Structures are given as C-alpha cells and as structure tokens.
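Colleague: Here the protein sequences come in this chain order: V and P.
The first sequence begins at 782 in the numbering used here and counts up by one.
The second sequence begins at 984 in the numbering used here and counts up by one.
Every residue, glycine too, gets a C-beta built ideally from N, C-alpha and C.
A quick note: this is a predicted structure, and the numbers were derived from the prediction, not measured.
Before anything else, here's the structure in question.
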Amino acid sequence: MASQTAHQEGQQHPIKLYLWVWGWLFVLSTCSYLVDYFGLQGMLRWTLILLFMVVKAGLIVAVFMHMAWERLALVYAILIPPGAVLLFVTIMAFESDYTHVTRSTFFAAAESSAHGAPAHTEPAAAHSSAAEN
Amino acid sequence: MDAIYKHAARTTSAEKVIESALPQTLEVHAQPGGWQGFAADWASDQRAFKSALWGKAMIWIFLLSDTFIFSCFLLSYMTVRMSTTVPWPNPSKVFSLTINGVETPLLLIAIMTMILISSSGTMAMAVNFGYRRDRKTTTYLILATAAFGASFVGMQAFEWTKLILEGVRPWGNPWGAPQFGACFFMITGFHGTHVSIGVIFLLNIARKVWRGDLDRQQRGFFTSRKGNYEIVETLGLYWHFVDLVWVFIFALFYLW
C-alpha cells in the first residue's frame, strides 16, 4: 500500500528536463534584455518582448508547474479564466484611449483660454508643459 | 518538544473526518484522457481533479485568484500609462546602473530576473528530489531557493532606496508622468511581498524536510495535518508563480 502510494504520489521527471528548461529561460531572458540593450523600438520591440514573455511563461507553467502532465479538468479550470483578463485589457484599452483624447482636447482648450490669465497656471510645472502637446 | 510529538501521535475525531473527506491518494489509473476525460472528470458526481490531491487543487485556485490581483495591477498601469498626456519616464534610463562610469540600462533588473529564474530552477529540482525521498538534497535545494529569493528582495530594497533618493514618490517623479511612481511601488511592492512570504515558507518547509517530518508523517504545528512530500510541490507551485509574475512585470513594466 505504502509503496503504491509513493509510486503514484507525485510528478517524476528526469532532472535533465528541468535543466533544459532552465537553460532556455536564461536564453530567453537574455534575449528580452538585449531588446532593450540595443534599443529596438516600435512594433519590432513590442512583438519581441511579448513573444519572449509568452514563451517564458509557457515553459514555467508547463514544465516547472507540471501543467503539461495534469488532466484537462485541472488545466482548463486554471488556464481558461485568465482569458477573461484579455477581454478586460481590450475594454480598458478603448477606455484609456478615449480618456486620452478627452484630456488632449480639454487641456489644449484650457491652455489657449488661459493665455490672458496667468493666475490659472497649474502648480506642477510638468503638468502645464505637457498640456501644450 | 515531547509535548508536540505526543500531540502529533493523537488523532482527534475531527482529524479523522477531515482525512476521510480529503483523500490522500490519486485516482489516475484507468481514467479516460483528452476531451472525454475532461467531460468525465467534471460530470462524475465525485472529485473533479483526479490528478491532483486537494492541496494541489487548492494552491492552483489560490494562484488563479492571485493572477487576477496582479492582472488588475498591470491593467491599471496600462490604463494610466495610455491615458496620460504627460510623457512616461523611460524605464531603460530610470533603472540604469552606472558602474565605473559606464551606464548600463536595466542592469540591476536583468540580474534580478536571472536570480529569480535560478531560484525557480532549484525549486523545480527540490520538488523532484523530494518525491525521490532524498531528504538532504531537497533541503539544500530549498535553502538555495530561499537564498536566491532573499537576495532578490535585497536588490529590490536597493532599487527602491535608489529611486526614493532620486525623488520618486507615488504622486510624482522628476522625469514625467506622476503615475509612474504609484505603478512602480504598487506592482513591485506587491511582488516583493510575495517573494518575502515565499522565503519564509521556504525556510519553514526546509526545516520540516531536514528534520524528517515528511517521512514520519509528522503532524504540522499549525494545521495538524500529516506531513507529506506533496507540500514541497505545493510550495514549489507558489514559488514558480512568483517567478511567473515577474516575467510579466519585467516585460510589461520594465521593458515596454
């Protein structure tokens, strides 16, 4: 009974697999650091950062956290709900875009109407200089 | 000491009830796999997670809730960064380190990333050696993980000190959008708290493994549950999650 329990008890995988994943995590982290080091910008930068991020996260969850060997009942229960976060991200991206447009319009109008009235200036220097944009 | 052992040897009726309700063995043999298995596991009027003992199922559900918390922090960060009309401070410059007159971007953060990945590697192997009943190697690997974790927190303290001395506050900073400080302190602070709590648990479990509590099925001081090498894996899941969160913070906050 005891030996049977021990046999079934936990995940058993060769150490080599963990070392292999560990090595890849180092490589991928170095790659994402180099994206910043070489100052890549724009679409290329964001694509690379997100790609390295997703691959690293996938390796950690699948191998280190043993998700690859769990039954689908557990895998889906844990991995599907965070999908709702992506929907939330989309909603908030629209929302913040709208806020940005509103602020740009409103701050620009406030700036131009304040030309004759210096008393209206914002206390923080950073604010007033940015509102000109 | 003796009193603890005496207490441990006694099984109360409440403990018996708990143990019969929470089985200690897996039911993976002769179960269908794939989609059929998924439907069968959830449709069966019994435990749904047949490949996981209750401890593993519960830590995963905890981690799922923690995922939502960190998601909300990162989402708020995205929202304030996208909606501000003030330029966002350049993290590459803010977190650069000058050594011998050479300014290297994000150097400390890169080192912290490598340290956390290393700690994840040692933790994964600790879980493996735990299931092999290799008490000594498991203890050393957990202690190595704890040491990596503690050095990570130390570097974070250094980073916070540096930024606070440079004038970063939750309500403003010298370089641009005032929300930068709020996001930085909230996100890295919450993550650092997770690492610190993890280190405390690592040391606690390392002690249990070293003393042989898990081999003797010694009852825990706090939960009164029998010692089991599964708790090393449960701890490992928490620790890997902390590393996982850092992957997202590194990409979305420091590199973006």
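1) At a cut of 8 Å, does the segment 1118-1138 of chain P reach the segment 1032-1041 of chain P through at least three beta carbon pairs?
2) Would DSSP call V:I861 helix, strand or coil?
3) Who does P:I1082 pair with in a DSSP beta bridge?
4) Let me know the secondary structure DSSP gives P:K1209 once reduced to three states.
5) Which of helix, strand or coil does DSSP assign to P:G1155?
6) Based on DSSP bridge pairs, tell me the residues matched to P:R1202.
7) When the Cα of P:Y1221 is compared with those of P:G1020, P:I1042, P:A1022 and P:D1024, which residue comes out closest?
8) Contact check, P:L931 vs V:M873 under 8 Å by CB: the rounded distance?
9) Which whole-angstrom value is the C-beta distance of P:V1110 and P:V1136, which I expect to be below 8 Å?
10) Rounded to the nearest angstrom, what separates P:K1076 and V:A865 at their Cα positions?
11) Can you give me the Cβ contacts of P:K1209 inside the same chain, cut-off strictly under 7 Å, excluding the 5 residues immediately before and after it?
12) What are the boundary residues of the alpha helix (DSSP H) that includes P:F1051?
13) Under 7 Å between beta-carbons, which chain P residues line up against V:V808? List them in chain order, please.
14) Mark P:H990 as exposed unless 16 or more other C-beta atoms lie within 10 angstroms of its C-beta, in which case mark it buried.
15) Return the Cβ separation of V:I841 and P:L1238 in integer angstroms, given the expectation that the two are a contact with Cβ distance under 8 Å.
16) Can you list the residues of chain P that V:S894 reaches, using a CB-CB cut of under 9 Å?
17) Closest by CA to P:T1171, which one among P:F1045, P:F1141 and P:S1079?
Modeller: With the given structure in hand:
1) The segment 1118-1138 of chain P is not in contact with the segment 1032-1041 of chain P.
2) Assigned with DSSP and collapsed to three states, V:I861 falls in coil, not helix or strand.
3) Beta-bridge analysis with DSSP links P:I1082 to P:V1085.
4) DSSP places P:K1209 within a strand segment (E or B) once states are collapsed to three.
5) If DSSP states are grouped into helix, strand and coil, P:G1155 belongs with the strands.
6) Per the DSSP secondary-structure output, P:R1202 pairs in a beta bridge with P:K1209.
7) The candidate whose alpha carbon is nearest that of P:Y1221 is P:I1042.
8) Since the displayed chain P opens at 984 and closes at 1239, residue 931 of chain P lies outside it and no answer follows.
9) The Cβ separation is near 22 Å, so there is no contact.
10) Taking the Cα positions, P:K1076 is about 34 Å away from V:A865.
11) Cβ neighbours of P:K1209 within its own chain (closer than 7 Å, five residues either side excluded): Q1200 and R1202.
12) Boundaries of the alpha helix (DSSP H) harbouring P:F1051: W1037 to S1066, taken from the DSSP string.
13) Going along chain P, no residue has its Cβ under 7 Å from V:V808, so there is no contact; the nearest lies around 10 Å.
14) In this prediction, P:H990 scores a pLDDT of 49, lower than 50, which makes its location untrustworthy; no coordinate-derived value is stated.
15) The beta carbons of V:I841 and P:L1238 sit about 17 Å from each other, so the pair does not count as a contact at 8 Å.
16) Correct list: empty, because the minimum Cβ distance to chain P is about 17 Å.
17) Of the candidates P:F1045, P:F1141 and P:S1079, the residue whose Cα lies closest to the Cα of P:T1171 is P:F1141.
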